[in-house]
Amino acid sequence: MSCLVFLFNRRHGLAKDVFGAEFGHLPDNITVLEGESVTLRCRIDEEVTHKAWLNRSNILFTGTDKWSLDKRVTLVNTSNREFSILIDKVQVADEGPYTCTFQANNKPRITHVYLIVQVPARIVNISKSVSLNEGESVTLYCLAVGRPEPTVTWRNQKCKIFILVFLPVENDNTLRIKNEKTRSLLLFTNVTEKHFGNYTCFASNRLGSSNASMLLFRPGALQGRGAALQAGMSASLCVWVSLSALLLVKV
């Protein structure tokens, strides 16, 4: 008895044979991208009676009887030699252990596989553009998600690059960087002319990248699409802060 795992990339119409091995010797982890589809295929080399697929403690199928209410999970083959399920448009919530079990010759046979769902880095929220006077305070935030954990950076203007975590920029106590749960924060106190400008948050991992921008400007300043502020702009300030998303999830 053996089990095979196949990945299907619906965006390209391809099927990829990931692994085939003797039953009970599947790889511990199977990796698939969010939005793609994966088929867990059990191939049977001997007559069996009872057979089932489970996700954690939840029964997906017992023979041809479907227990799962998820329409994305379907039985694709239930012959005497094969028992396969398809998970369509994989979501992060699908990540976890899956079990294929049989009763063969009055002996239970079981195997486990852990499905890992990867997600390209993306920014899901960022501060809106802010208008404020000099001397006021404000906090800008950027929320990024992804698997593997993305690297998050902040950038303002073209000048020196600083690697900062909880430290003032250029020994300027009016601007600090902080991580709070899943957000990267820029904290301004006593805003001055040099702080006004365009701030861009970048998120990236090996699967993709994303960026989003916002403006910090004084009342009455013009906001041109994709253009720098013309008033109160200082090229001396530049922030490039690299933070691991692993740190971002910690308080």
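Each residue of the sequence shown is one higher than the one before, starting from 1 at the first, in UniProt numbering.
For glycine and all other residues, C-beta sits at the position ideal for the given N, C-alpha and C.
A quick note: this is a predicted structure, and the numbers were derived from the prediction, not measured.
_C-alpha gap between residue 35 and residue 186, whole angstroms_ = 33 Å
**Prompt:** What is the residue span of the beta strand (DSSP E) that residue 215 lies within?
**Reply:** 208-217
### Task
Can you have a look at residue 126 and say buried or exposed, based on whether 16 or more other CB atoms are within 10 angstroms of its CB?
buried
Exercise. Give me the Cβ distance between residue 51 and residue 101, rounded to the nearest whole Å; I'm assuming they're in contact under 8 Å.
Key: 7 Å
Between residue 108 and the rest of its own chain, which residues show a CB-CB distance below 7 Å, the 5 nearest in sequence each way excluded?
-> 101
Would you report the Cα separation of residue 137 and residue 95, rounded to the nearest angstrom? 42 Å
Self-check item: Uninterrupted beta strand (DSSP E) stretches inside the region 59-121 (no shorter than 3 residues)
Solution: 73-77, 82-87 and 96-104
Report task. Mind the definition here: the region 119-134 touches the region 202-218 only if three or more C-beta pairs lie below 8 Å; say whether that holds. Result -> yes
In angstroms with no decimal places, state the Cα-to-Cα distance between residue 89 and residue 32.
10 Å
Next on the checklist: For residue 154 and residue 200, I'd like the C-alpha separation in whole angstroms.
Outcome noted: 6 Å
Pull the bridge partners of residue 204 from the DSSP assignment, please. 151 and 209
| How about residue 62 and residue 75: are their beta carbons less than 8 Å apart? | no
What does residue 183 pair with, by DSSP beta-bridge criteria? 143 and 180
Practice prompt. Would you mind sorting residue 146 into buried or exposed? The rule is 16 or more other CB atoms within 10 Å of its CB.
Written response: buried
Residue environment, residue 92, which counts as buried when at least 16 other CB atoms sit within 10 Å:
exposed
Please list the terminal residues of the continuous beta strand (DSSP E) segment that includes residue 37. 37-43
Practice item. Thinking residue 85 and residue 40 are a contact (beta carbons under 8 Å), I'd like their distance in whole angstroms, please. Key: 5 Å
Exercise. Report the option in 133, 111 and 60 whose CA atom is closest to the CA atom of residue 71.
Key: 60
Thinking just about the alpha-carbon of each residue, which of 103, 56 and 55 is nearest to the one in residue 48? 103
Reducing DSSP to helix, strand and coil, say where residue 51 ends up. strand
Legend entry - Whole-angstrom C-beta distance between residue 192 and residue 149, which should lie under 8 Å: Not a contact, Cβ separation roughly 34 Å.
Straight-line Cα distance separating residue 140 from residue 128: 8 Å
Beta-carbon within less than 6 Å of residue 130's beta-carbon, same chain only, minus the 5 sequence neighbours each way: which residues are those?
138 and 216
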